[in-house]
Amino acid sequence: MRFPLWIIPSLLAAQTYDVVLQRGRVLDPESGLDGVRSVGINGKTIAAISTGPIRGKIEIDAAGLVVAPGFIDLHSHGQTPENYRYKAMDGVTTALELEVGVSPVSEWYTAREGKALVNFGASAGHIPARMAVMKDTGDFLPRDAAMNRRATPEEQKAIGAAVQKGLDEGALGMGLGLAYTPTATHEEILDLFYLAAKWKRPVFVHMRDGGSAMPGVVESLQEVIADAAVSGASLHIVHINSMAQKKTPEALRMIDGARARGLDITTEAYPYIAGASRLESALFNPGWQEKLGGSYSDLLWVATGERLTAESFERYRKQGGSGRVVIFGNTEEMVRVAISNPLVIIASDGGLANGKGHPRSAGTYARVLGKYVREEKALTLIDAIRKSSLMPAERLESMSPTMRRKGRLKAGADADIAVFDPDHVIDKATFENPAQYSEGFRYVMVEGTFVVRDGRLQEGVAPGQAIRAQ
Ligand SMILES: [Zn+2]
670 MRFPLWIIPS LLAAQTYDVV LQRGRVLDPE SGLDGVRSVG INGKTIAAIS TGPIRGKIEI
730 DAAGLVVAPG FIDLHSHGQT PENYRYKAMD GVTTALELEV GVSPVSEWYT AREGKALVNF
790 GASAGHIPAR MAVMKDTGDF LPRDAAMNRR ATPEEQKAIG AAVQKGLDEG ALGMGLGLAY
850 TPTATHEEIL DLFYLAAKWK RPVFVHMRDG GSAMPGVVES LQEVIADAAV SGASLHIVHI
910 NSMAQKKTPE ALRMIDGARA RGLDITTEAY PYIAGASRLE SALFNPGWQE KLGGSYSDLL
970 WVATGERLTA ESFERYRKQG GSGRVVIFGN TEEMVRVAIS NPLVIIASDG GLANGKGHPR
1030 SAGTYARVLG KYVREEKALT LIDAIRKSSL MPAERLESMS PTMRRKGRLK AGADADIAVF
1090 DPDHVIDKAT FENPAQYSEG FRYVMVEGTF VVRDGRLQEG VAPGQAIRAQ
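Start counting the sequence shown at 670; every next residue gets the next number (the numbering used here).
Encoded structure:
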């Protein structure tokens, strides 16, 4: 049924929504809308966006606040209740583990169903499949067999089968971390690209090498771009900031060029000059200084807060386990180049364990909005929101129709919403104290349920849905 235009405002006014966000500054990166509107929510869905006042059973005064689509983090290693709390307080409504991925996939989803604060999902991980098949003793990243030796033909077959099973179970693509599996041959990797192409799922890849070393970021990009071109697989290159460092402009030029030639390639960055990883991983095999662009004193041992020396480096590397290390290897200038480039999606690469880790786990999105948009004007507010919501949704929507209803603020979209104070939003997590909630997110809704209200985390709710490929 169609109503004449004049009658619509009174129809809207006559209805009572479950929740109304009154007169906020609504920003929708898909339509470009940037104006004062009231948002009516029924159940799990945005039902109306109105220029006039509308009524709700719950009415929230959003005057002076920005109302944006909830953020979608493509690179969230932290997939525990602890991590989901920091995500929600940073405006994230969907947190996905796509780089390392998981294996087996089905069990991983089942463990979170009905219990998660935010939406969740994962790729089928080559790393965990390779570790299981090759009997590596690492707990998250390879530390011996899967990084030190080649897979036999039988093992390769078993790894491929495990990844394929994950795709069959609805994994959101395939995760590859070539820097962590340096003994995986170019052929093993190309075979996996063929598999991803067959299933029409993107490959999310941490490239083989980075920086200006030989091989460095140029050769590493050439490998995965070539694999995408010959296989037809879509490709997402994770954390271009920490891979390319001072070669960031050249790396972005290569990705831009591949896209101009018709390849489906995207990339992401996090807004920090330091990265983080496991000291026992292949990232710190001999030659790491050149590849990562740093020396011992650029490494911060998370457990104690100390900077490393040659002696403590060897000691902690042998100790391994869940030993996390922060690597100071980039410059503010290159971080700005990465996050302001129109190609680049914002993604955290974060994960906290008992409050320890990298501040990106808790502060990525508030830091982009507070430091890089408001203070440094490195990018506009609508661009930052686009990079944090619409662009990651678009990366996934060809295989996951659910994502077509996320990353947008319009009638019919899922009610995943972040409401923040643009004058005060800021990250509080630091390298010394990473477990600090961001400030400024006043309301965050996941599927129509408040997970943050009046700036406070809501207890006892679990509205997060599983995001799968279909
Ligand atoms: Zn990585």
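Each residue gets a CB set at the ideal place from its N, CA and C atoms; glycine is no exception.
Measure the alpha-carbon distance for E1207 versus N817 and round it to whole angstroms. Residue coverage of the chain in this structure runs from 670 to 1139, which leaves residue 1207 outside it and unanswerable.
Under the three-state DSSP convention, the category A683 falls into: helix
Quick check on K916: buried or exposed, where buried means 16 or more other Cβ atoms within 10 Å of its Cβ? buried
Which residues DSSP lists as bridging L968, in chain order: I996
Flag V874 as yes when its Cβ comes closer than 7 Å to any non-hydrogen atom of ligand 1, and as no otherwise. no
Just the Cα atoms here: how many angstroms apart are R1043 and G1124? 20 Å
Please work out which residues of its chain come closer than 6 Å, Cβ to Cβ, to V688, disregarding the five sequence neighbours upstream and downstream, and give them in chain order. I710, G725, I727
What do you get for E776, buried or exposed, if any count of 16 or more other CB atoms within 10 angstroms of its CB means buried? exposed
If G739 sits next to V708, beta carbons under 8 Å apart, how far is it from one beta carbon to the other, in whole angstroms? At roughly 13 Å, the Cβ-Cβ gap does not stay under 8 Å, so G739 and V708 are not in contact.
Any idea which residues DSSP pairs A982 with across the strands? The residue asked about is misnamed: residue 982 is Phe in this sequence, not Ala. DSSP, once it has assigned bridges, lists no residue as partnering F982.
If the criterion is Cβ atoms closer than 8 Å, does the pair A1035 and D837 meet it? no
DSSP bridge partner residues for I924 (one or two, in chain order): In DSSP, I924 forms no bridge with anything.
Anyone know if the C-beta pair for A785 and A1131 falls short of 8 Å? yes
Check: H908 C-beta below 7 Å from any heavy atom of ligand 1: yes
Relative to ligand 1, is the shortest distance from any of its heavy atoms to the C-beta of E768 smaller than 7 Å? yes
With H, G and I counted as helix, E and B as strand and the rest as coil, what does DSSP make of M829? In the sequence under discussion, the amino acid at residue 829 is Gly, which differs from the Met named in the question. The answer is helix: DSSP assigns G829 an H, G or I state.
Once you ignore the five residues that flank Q833 on each side, which residues in its own chain have a CB closer than 7 Å to its CB? L864
By how many angstroms is the C-alpha of M800 removed from the C-alpha of E1128? 36 Å
The beta strand (DSSP E) enclosing G788, as first and last residue numbers: Looking at the sequence provided, one finds Asn at residue 788 rather than Gly. Its beta strand (DSSP E) spans residues 788-794.
Kindly indicate which three-state DSSP category M843 falls into: helix, strand or coil? strand
Boundaries (first-last residue) of the beta strand (DSSP E) holding P738: 735-738
Less than 8 Å between the CB atoms is what I'm expecting for S1069 and L841, so what's the real figure, rounded? 6 Å
Beta carbon of V1094, beta carbon of V787: below 8 Å? no
Going by Cα to Cα distance, which pick from V874, F953, N1023 is closest to P750? N1023
Closest to G807 by C-alpha separation, out of D1090, A951, T685, would be which residue? A951
By Cβ distance below 6 Å, which residues in the same chain neighbour T935 in space, the five residues on each side in sequence not counted? H905, R1064
For the beta strand (DSSP E) that contains E728, what are its first and last residues? 724-730
Start and end of the beta strand (DSSP E) containing R1122? 1118-1122
Contact the segment 946-966 vs the segment 974-985: 3+ CB pairs below 8 Å: yes
G998 and S911 - do their beta-carbons sit closer together than 8 Å? yes
Closest residue to G747 among E1108, F1100, A1047, A1031 (Cα-Cα distance): A1031
I want to check one thing, is the minimum distance from the CB of G846 to the heavy atoms of ligand 3 below 7 Å? Ligand 3 is absent from the structure shown, which contains only ligand 1.
Does the Cβ-Cβ distance between L765 and I1008 come in under 8 Å? no
If you draw a straight line from the C-alpha of R993 to the C-alpha of L1021, how long is it? 10 Å
Straight-line gap, G712 to D730 (C-alpha atoms, nearest Å): 19 Å
How long is the line joining the alpha carbons of A897 and F873, rounded to whole angstroms? 11 Å
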